[in-house]
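S.K.: If you count the sequence shown from 1, position 344 lands on 344 in UniProt numbering, and the numbers rise without skipping. The C-beta atom is built at its ideal place from N, Cα and C for all residues, glycine as well. Computed from a predicted structure; not experimentally measured. Provided herewith is a single structure, encoded as structure tokens, for subsequent inquiry.
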Amino acid sequence: MSAESRVIFGPGVTLSTCDVMLIDDSEYEEEEEFEIALTGASDNARIGRVASAKVLIAGPNDASTVSLGNTAFTISEDAVPSMQFAKDLLLVKEKEGVLHVPIIRSGDLSYESSVRCYTQGLSAQVMEDFEERRNADSSRITFLKGEKMKNCTVYIHDDSMFEPEEQFRVYLGRPLGNHWSGARVGKNHMATITISNDEDAPTIEFEEAAYQVLEPSGPDATAILNVKVIRRGDQNRTSRIRCSTRDGSAQSGVDHIFFKVEILSNEDREWHESFSLVLGPDDPVEAVLGDVTTATVTILDQEAAGSLILPAPPIVVTLADYDHVEEVTKEGVKKSPSPGYPLVCVTPCDPHFPKYAVMKERCNEAGINQTSVQFSWEVAAPTDGNGARSPFETITDNTPFTSVNHMVLDSIYFSRRFHVRCVAKAVDKVGHVGTPLRSNIVTIGTDSAICHTPVVAGTARGFQAQSFIATLKYLDVKHKEHPN
């Protein structure tokens, strides 16, 4: 025992200390302990009852400590993926059958996000007017990484019954995201959809805007002109409309009725006269008026030269479609005549004319013979870069192989993008030429030519012509392949 380990009590001293030096290191240690004992008392002293003491070194100590450098953080909402409708009001026509409602996503697009898109009926009824999207995960729209827009598709039921405008709503809810902050729904979380149904509205109009009828030949004779009134759309109700001064009624399920107009004879020789039939002036009952609410009736004088007129304007189509005139002239069909192929002028007295069954009767009543109809043709150069079109010019030059006064016009008289129309005049039994009627204007196409050209389509006035040499050879009756 060293002298440093002894505790000395001098005279009169009753308390002293035993100092122990603890070594502080940087190693991690759990709780430790050691014992201090009193031994080796001097001859004039003895050790008392408490001769030892236990010392505990608290632990663990020197443990590694991790802490946040800052205790306050700011998170921007702009970084959180947000999904909302692009528009809150949308209009869809019932006949379209489907509506795509766009949903846009903003914020952090580097993660996947999703949201429910579900419907709620208002005046429009579920399953009757539209297909329901339930508020369930089956209606969830998922945005993949980088995607900014998705569509919420709703199917619309199209029926033939006319209904006023109806509405329903689509909602966004239950957003989810792989982003550490999740995802949220934006301000436009609801959109109102309006279903319009104008195409099914009962619509009443004349079948045609113009009618022609020959004046009766005798002083006491009369002629009857039947004018057809058409009703389109919903036919499940009774509609009424006034024509001239007489009431008319179209019964449920019947799409037209006839009005009979009496034409009286006039002994005076005069130019043809006309009058109008009007649907109205009262508004129709349980229907709306269509586009053709006024029909002009022309009375053709039997004696007036030039009064003979075709019952409808002629139609120009490419000769390849001569057997399919009705199909290629339907509304919505856009088929340009092929360059390098002849054109044909189809009059209403031609069996190939659309609705020839109706026109045949009118041609017979007017005494018009298809074989005696006179034809001429007019062309205009292509539209220039400013949209201006040159005036039409009448073609006057015949060739040994072509005629400009025939119902068929050869392709040497026009090129790509030319505008062409025909003029048809009926001729009566004594040779009087009637009033000329001009056809629709056709624009020659740039594709589907018979002779291929490597020159691509250029400017509006580019004819796409190229140099070539043509050789004509006469084949007589002795030719093996073409004796005719």
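If you drop the 5 nearest sequence neighbours on each side, which residues of the same chain put their C-beta closer than 6 Å to that of L122?
M.R.: Within the same chain, L122 has close Cβ partners Q167, F168.
S.K.: Going by the DSSP bridge assignment, what does H100 pair with across the sheet?
M.R.: H100 pairs with T153.
S.K.: Assign R461 to one of three DSSP states: helix, strand, or coil.
M.R.: For R461, the pLDDT reaches just 47, beneath the cut-off of 50, and the residue's location in the model is therefore unreliable, although a value from the coordinates is still provided. Note: R461 maps to coil in three-state DSSP.
S.K.: Can you tell me which of P314, S5, H100 puts its alpha carbon nearest to the alpha carbon of M149?
M.R.: M149 has its Cα closest to that of H100, out of P314, S5, H100.
S.K.: Check M190 in the structure and name its three-state DSSP category.
M.R.: In this structure, M190 counts as strand in the three-state DSSP scheme.
S.K.: Apply the 10 Å Cβ neighbour rule to P351 and answer buried if 16 or more other Cβ atoms are within range, or exposed otherwise.
M.R.: Exposed, because fewer than 16 other Cβ atoms sit within 10 Å of the Cβ of P351.
S.K.: Given V404, which residues of its chain have a CB within under 8 Å of its CB, disregarding the five upstream and five downstream residues?
M.R.: Once the five neighbours on either side are set aside, the close Cβ partners of V404 are S376, W377, I395, T396, D397, N398, Y413.
S.K.: Secondary structure at K360, three-state DSSP: helix, strand or coil?
M.R.: Residue state, collapsed to three classes: helix.
S.K.: Using three-state DSSP, classify E393 as helix, strand or coil.
M.R.: Note: E393 maps to strand in three-state DSSP.
S.K.: Determine, using beta carbons only, whether T296 and L279 come nearer to each other than 8 Å.
M.R.: Taking 8 Å as the Cβ cut-off, T296 and L279 do not qualify as a contacting pair.
S.K.: Could you pull the start and end residues of the beta strand (DSSP E) that V213 belongs to?
M.R.: Start and end: 210-214.
S.K.: Using a Cβ-Cβ cutoff of less than 7 Å, which residues in the same chain neighbour C152 once the five nearest sequence positions on both sides are dropped?
M.R.: Closer than 7 Å at the Cβ level, and outside the excluded window around C152, lie V101, I103, C117, I141, V170.
S.K.: So what does V55 bridge to, in DSSP terms?
M.R.: Paired residue(s): F34.
S.K.: Which same chain residues end up closer than 7 Å to T17 when comparing Cβ atoms and leaving out the 5 residues on each side of it in sequence?
M.R.: Closer than 7 Å at Cβ, skipping near neighbours: no residue.
S.K.: Out of curiosity, what's the CA-to-CA distance linking M161 and A86?
M.R.: Going from the Cα of M161 to the Cα of A86 covers about 31 Å.
S.K.: With H, G and I counted as helix, E and B as strand and the rest as coil, what does DSSP make of residue 486?
M.R.: The displayed coordinates of the chain run from 1 to 484. Any statement about residue 486 would go beyond what the structure contains.
S.K.: Given this structure, state the Cα-to-Cα distance separating L15 from L22, to the nearest angstrom.
M.R.: Approximately 22 Å between the Cα atoms of the pair.
S.K.: Kindly give me the distance between the Cβ atoms of V115 and R174, rounded to whole angstroms, as I take these residues to be in contact under 8 Å.
M.R.: About 7 Å; that satisfies the 8 Å criterion.
S.K.: Pick out whichever of S390, S42, G431 has its Cα sitting closest to the Cα of F9.
M.R.: Ranking the options by Cα distance to F9, first place goes to S42.
S.K.: Just the C-alpha distance for T383 and D108, rounded to the nearest angstrom, thanks.
M.R.: One C-alpha to the other measures close to 51 Å.
S.K.: E165 and T119: beta carbons closer than 8 Å?
M.R.: Taking 8 Å as the Cβ cut-off, E165 and T119 do not qualify as a contacting pair.
S.K.: Between which residues of its own chain and A210 is the CB-CB distance below 6 Å, once the five residues before and five after are set aside?
M.R.: If we look at A210 and ignore the five residues flanking it on each side, its Cβ neighbours are T296.
S.K.: According to DSSP, H179 sits in a beta bridge with which residue or residues?
M.R.: H179 pairs with nothing; no bridge assigned.
S.K.: Looking at the ligand HEM, does it come within less than 7 Å of T238, judged from the CB to the closest heavy atom?
M.R.: Only the bare structure without any ligand can be found here, which leaves the ligand HEM out of the picture.
S.K.: Determine the burial state of Q125: buried for a count of at least 16 other Cβ atoms within 10 Å of its Cβ, exposed for fewer.
M.R.: Exposed, since its Cβ has fewer than 16 Cβ neighbours within 10 Å.
S.K.: Does the beta-carbon of S239 have 16 or more other beta-carbons within 10 angstroms, so that it is buried, or is it exposed?
M.R.: S239 should be labelled buried.
S.K.: In the DSSP assignment, find the alpha helix (DSSP H) that holds E378 and state where it starts and stops.
M.R.: First-last for E378: 374-380, but that is the beta strand (DSSP E), not the alpha helix (DSSP H).
S.K.: Name the DSSP bridge partner or partners of residue 500?
M.R.: The chain is shown only over 1 to 484; residue 500 falls outside these bounds and no answer can be derived.
S.K.: Looking at the unbroken beta strand (DSSP E) that takes in E205, where does it start and where does it end?
M.R.: 203-206 is the span of the beta strand (DSSP E), which, as asked, contains E205.
S.K.: Among Y28, H479, S113, E33, which has the Cα closest to the Cα of T65?
M.R.: Measuring from the Cα of T65, the nearest candidate turns out to be Y28.
S.K.: Using beta-carbon positions only, say whether L437 and L310 come within less than 8 Å of one another.
M.R.: Taking 8 Å as the Cβ cut-off, L437 and L310 qualify as a contacting pair.
S.K.: Is the distance from the Cβ of T163 to the Cβ of F143 below 8 Å?
M.R.: The sequence as given places Glu at residue 163; Thr does not occur at that position. No, the pair does not count as a contact, with Cβ atoms beyond the cut-off.
S.K.: Quick check: the Cα distance between Q251 and P339, rounded to an integer number of angstroms?
M.R.: With a pLDDT of only 34 at Q251, under 50, the local geometry of the prediction cannot be trusted, and the value read off the model is given with reservation. Approximately 50 Å, taken between the alpha carbons.
S.K.: Using 10 angstroms around the beta-carbon of T371, count the other beta-carbons present and answer buried if the total reaches 16, otherwise exposed.
M.R.: So T371 counts as exposed.
S.K.: If you draw a straight line from the alpha carbon of I241 to that of I204, how long is it in whole angstroms?
M.R.: If I take the Cα positions, the gap works out to 8 Å.
S.K.: Between which two residues does the alpha helix (DSSP H) harbouring A80 extend?
M.R.: What sits at residue 80 in the sequence shown is Val, not Ala. Note, V80: premise wrong, no alpha helix (DSSP H); not H, not E.
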